[in-house]
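This report concerns only the one structure given below.
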Amino acid sequence: MLNAADQPILTGAAREPLWSQGFLGSITHSRGWCKVAVAQEGVLDYLGIDVEVAALIPENVARTIHSPDELRNAADQVQLADLTSVVIFSAKESVFKAYFQATTIKLAFSQIHMTLDGDGSFWASLAHSDLPSRFSSIAGAWTISEGYVMTAAFQLKS
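Written out as structure tokens, the structure reads:
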């Protein structure tokens, strides 16, 4: 139990959720699915979640999401058939949300290099000129269930 007062979640200038003092979180939605993850600031450094329909992404769109290297590396680690692009997309969305929440800096997908592992984990390396050292690598988890890809990027407070 988080023991937070009931109040609406407002939206910031970049359409990000504004959490109550002392909390951080992330919101995601896709075709009838809406999820919220919230934690006390003292527990996590950052948190980002995403959900996507588990479906093929057209090749011309996929090229804007990941590099050929990312796709090859993912294929070597995970047997996802046509879902590799959507898993990488969702993982990058989670990283984007987590990083923005902690820094208010928007990343481009090209600044996030994603490595998927077959155990349901991922690692993101970031390329940004003002990168705080705690963001040299962002860890997360992914899964596919009931026709959806779900990802989360998070860091326990050290």
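Numbering (the working numbering), first residue to last: 24 to 181.
Even for Gly, the Cβ is constructed at its ideal location relative to N, Cα and C.
Task: Unbroken alpha helix (DSSP H) run spanning Ala-97, endpoints - done: 91-100
Open item on the list: So, for Ala-114: in the same chain, excluding its five sequence neighbours on each side, which residues have a beta-carbon less than 8 Å away from its beta-carbon?
Closed with: Asp-73, Met-137, Leu-139, Phe-145, Ala-147, Gly-163, Trp-165, Thr-174 and Ala-176
Task: Residue of Phe-158, Val-172 and Ser-168 minimising C-alpha distance to Lys-180 - done: Phe-158
Task: For Val-66, three-class secondary structure by DSSP - done: coil
Task: Own chain residues within Cβ distance below 8 Å of Ala-28, not counting five before or after - done: Hits under 8 Å: Ser-43.
Task: Residue range of the unbroken alpha helix (DSSP H) whose run includes Phe-119 - done: 107-126
Open item on the list: Between the alpha carbons of Pro-31 and Ile-50, how many angstroms are there, rounded?
Closed with: Answer to the nearest angstrom: the Cα atoms are 13 Å apart.
TODO: Give the secondary structure of Ile-32 by DSSP, where H, G and I count as helix, E and B as strand, and everything else as coil.
DONE: Under the three-state reduction of DSSP output, Ile-32 falls in the coil class, being neither helix nor strand.
Task: Contact check, Val-172 vs Glu-75, beta carbons under 8 Å - done: yes
- [ ] Indicate whether the contact test is met: 3 or more Cβ pairs, each with one atom in the region 103-117 and one in the region 79-92, closer than 8 Å.
- [x] For the pair of segments examined, the region 103-117 was found to touch the region 79-92: the number of CB pairs separated by less than 8 Å reaches three.
- [ ] Give the DSSP-derived three-state secondary structure of Ile-88 in the structure shown.
- [x] helix
TODO: Using alpha carbons as the reference points, say which of Ala-98, Val-110 and Gln-178 lies closest to Ile-88.
DONE: Val-110
- [ ] Go through its chain and collect everything with a Cβ distance to Thr-127's Cβ below 8 Å, but skip five positions before and after it.
- [x] Ala-37
Task: Of the residues Gly-48, Leu-25 and Asn-26, the one placed nearest Thr-34, counting alpha carbons only - done: Comparing Cα positions, the closest option is Gly-48.
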